Every structure is written in C-alpha cells, then in structure tokens.
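One gets our numbering by counting positions in the sequence shown from 1 and adding 586 to each. Using N, Cα and C, we set each Cβ at its ideal position, and we do this for glycine too. Computed from a prediction, not measured in an experiment: that's the story for all the values here.
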Amino acid sequence: MQLQEILYTQGFGTRRVCAGLVQQGYVIIGGAVIADPSADIDVAGLQFTVQGKAWEYHDKAYLMLHKPSGTECSQKPSTYPSIYTLLPSPLRLRPNKGAVQGVQAVGRLDQDTTGLLLMTDDGHFIHRMGSPKHHVPKVYEVTTKHPVDAAQVDKLLAGVVLDDDPKPVRAAACEATGELQLRLTLTEGKYHQVKRMVAAVGNRVEALHRSRIGSLVLTDALPAGQWRWLAADEVEALRSSR
Ligand code: URA
Numbered sequence: 587m588q589l590q591e592i593l594y595t596q597g598f599g600t601r602r603v604c605a606g607l608v609q610q611g612y613v614i615i616g617g618a619v620i621a622d623p624s625a626d627i628d629v630a631g632l633q634f635t636v637q638g639k640a641w642e643y644h645d646k647a648y649l650m651l652h653k654p655s656g657t658e659c660s661q662k663p664s665t666y667p668s669i670y671t672l673l674p675s676p677l678r679l680r681p682n683k684g685a686v687q688g689v690q691a692v693g694r695l696d697q698d699t700t701g702l703l704l705m706t707d708d709g710h711f712i713h714r715m716g717s718p719k720h721h722v723p724k725v726y727e728v729t730t731k732h733p734v735d736a737a738q739v740d741k742l743l744a745g746v747v748l749d750d751d752p753k754p755v756r757a758a759a760c761e762a763t764g765e766l767q768l769r770l771t772l773t774e775g776k777y778h779q780v781k782r783m784v785a786a787v788g789n790r791v792e793a794l795h796r797s798r799i800g801s802l803v804l805t806d807a808l809p810a811g812q813w814r815w816l817a818a819d820e821v822e823a824l825r826s827s828r
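Below you can see the structure in the form of structure tokens.
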C-alpha cells in the first residue's frame, strides 16, 4: 500500500496532510526516513513512527480501555471528560467509508463505573458484541452498601423484575466475594442494569468495576486510563464467545 494511504487509513489526517508528513521526513520505518508518499510498503505487521510517535498498522482497530471513574462514554459528554480524550488522535480520526469516524465504544459504562471497555471501528463487531442474542457474558465486581446475604444472591440468580420490563432479568452467575462484594455475570446490557438489579434485592451499589467480557480479562497490567491493542486471537475469541 502507498505510504500516504497507510497514514490516511490509520487516522493521521487527510490524504494531503499524510503526503505532507511523509515529504517532510516525519515518517520512519525500520530506522530509515521514507520521504516518498507513494512508496509501496507491506502493511503486514508494519510498525512505524510519525513525528516520533510509534504506531502499528491495523486494518481494523480493536482495543481495550481501562475506563477510570469520572469519565463519560459519550463523544459529547455533559459533565465529565469523555473516554475518547484518553485515546491518541489517530484512533479518533480513523476514516470509515470516507468519513472521519474513529473508534467507538462497544456499549457504555456509567460515569462512575470503572473497568473493561472494548473499542473498535468495526461496525459488525459492535453489533455482534452488543446483541443480546449472542449472550456474551460480562463480569462485574460490585461493592455494596449493605452486607450481601445468600437470599440476595439467590434472588439475583432467580431473576428480578426491573421497572421498564415485566420480564425478569437474571444474573448468569452470581457469588458473594466478600461481606460487601458481589461478582455478577450478565449476558445483556440494559440501562444501569447492575445498579437496578442490586437495588431490586434491597441492596445498593457503592462501586462497580467490569473485570471481564467473554474470555477477555482486565488485569493489573493495564492501569486505569490506559488502553492497548487487542491481539488477533483475543478478537477471534471475543467473536466466538457466548
Ligand atoms: N450496570 C450498571 O448499572 N452500570 C454500568 O456501568 C454497567 C452495568
């Protein structure tokens, strides 16, 4: 692929801006400046730097973000900073069918919820992961206001009725992990679902952290506020999780 096209697809600006970055000697591949915008470069596993910043070529972008508390998942936040400010600008400027679109969050977490959030520019992936039909399990670590008891766990597993739907929603798995701690697995994502389910059994969520989606686990290796690319096998495992 032509070098200027590579930069364009990765979100470094318009084709004209990308050609300019190359011509000005800002793009380095394998230790050498490549100043010809139409140089033909193999994109497989390509790593390069643009104005000193290292980048990896990805045909589609799939990443995980450790969402910190006090951030909104909206592009146009009302009160708190947007999670999108935690991403480098190429991820926000990647073109999609000619328009600047960037990566999008796969579902949303509340502003005070922390933890694992997937982001991508692959619309099919967003649809698949968000669809209740596919039952992708999401694991939440809940800190409660009142002690957790066996009756609450049983009710969450049996199903509780929330105010917007007469059909009960149940946790796919639920266990007490401490006096004020619950681990809850859900396969759907209704608005404020964990908080409303916990309230429905007479307790209250004090803090909420998503620790896992399908087979993908958020570990201490990724601190709050940081993101990383997903490996191809992690994306495949998510696609086939249910
Ligand atoms: N359930 C909630 O109540 N809040 C979240 O952020 C995620 C799930």
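Kindly give me the distance between the Cβ atoms of residue i and residue j, rounded to whole angstroms, as I take these residues to be in contact under 8 Å.
| i | j | result |
| --- | --- | --- |
| L702 | R798 | 7 Å |
| L569 | A647 | There is no way to answer for residue 569, as the model of the chain reaches only from 587 to 828. |
| A625 | G611 | The Cβ separation is near 13 Å, so there is no contact. |
| Q767 | V734 | 7 Å |
| L748 | A807 | With a Cβ gap of about 35 Å, L748 and A807 do not count as contacting. |
| E692 | G709 | Before going further, note that residue 692 is Val rather than Glu in the sequence given. Not confirmed; about 11 Å, so no contact. |
| L651 | W815 | Not quite, the Cβ-Cβ distance comes to about 11 Å (not below 8 Å), so this is no contact. |
| G800 | V722 | 5 Å |
| V780 | L794 | 6 Å |
| A757 | L770 | 5 Å |
| V619 | F634 | Contact flag wrong, Cβ pair sits at about 11 Å. |
Measure the C-alpha to C-alpha separation of residue i and residue j and round it to an integer number of angstroms.
| i | j | result |
| --- | --- | --- |
| P681 | C604 | 13 Å |
| K719 | G775 | 11 Å |
| M813 | S660 | According to the sequence as given, residue 813 is Trp; it is not Met. Approximately 17 Å between the Cα atoms of the pair. |
| T810 | T700 | Note on residue identity: the sequence assigns Ala, not Thr, to residue 810. If you take the alpha carbons of A810 and T700, they lie about 8 Å apart. |
| L607 | S668 | 28 Å |
| F598 | V728 | 39 Å |
| G745 | P754 | 5 Å |
| A640 | T665 | 32 Å |
| V636 | L589 | 12 Å |
| A737 | Q697 | 29 Å |
| Y777 | R790 | 16 Å |
| E820 | G788 | 37 Å |
| T730 | R796 | 15 Å |
| D750 | L695 | 19 Å |
| V689 | G764 | 37 Å |
| M783 | L742 | 7 Å |
| M587 | E642 | 15 Å |
| C760 | T657 | 27 Å |
| P752 | K683 | 41 Å |
| H713 | L772 | 17 Å |
| R602 | Q609 | 11 Å |
| A818 | H644 | 10 Å |
| S675 | S655 | 22 Å |
| F711 | P663 | 24 Å |
| Y670 | K653 | 10 Å |
| I627 | T600 | 19 Å |
For a test of your reading of the model: does the CB of residue i fall under 7 Å from any non-hydrogen atom of ligand 1? Yes or no.
| i | result |
| --- | --- |
| L768 | no |
| L695 | yes |
| T699 | yes |
| Q661 | no |
| L816 | no |
| V780 | yes |
| L794 | yes |
| Y726 | yes |
From the DSSP output, read off the bridge partner residues of residue i.
| i | result |
| --- | --- |
| I712 | Beta-bridge pairing links I712 to no other residue. |
| E822 | DSSP, once it has assigned bridges, lists no residue as partnering E822. |
| S668 | E658 |
| T699 | L794 |
| D865 | Missing from the structure shown is residue 865; the chain here goes from 587 to 828 and no further. |
| L651 | L703 and W813 |
| C604 | Its beta-bridge partners do not exist; DSSP assigns none. |
| A839 | In this structure the chain extends from 587 to 828, so residue 839 is not present and cannot be described. |
So with Cβ pairs under 8 Å, would you call residue i a contact of chain C?
| i | result |
| --- | --- |
| T657 | This model lacks chain C altogether, as it is built from one protein chain only. |
Does the distance between the C-beta of residue i and the nearest non-hydrogen atom of ligand 3 fall short of 7 Å?
| i | result |
| --- | --- |
| R782 | In the structure shown, ligand 3 is absent; the only ligands present are ligand 1. |
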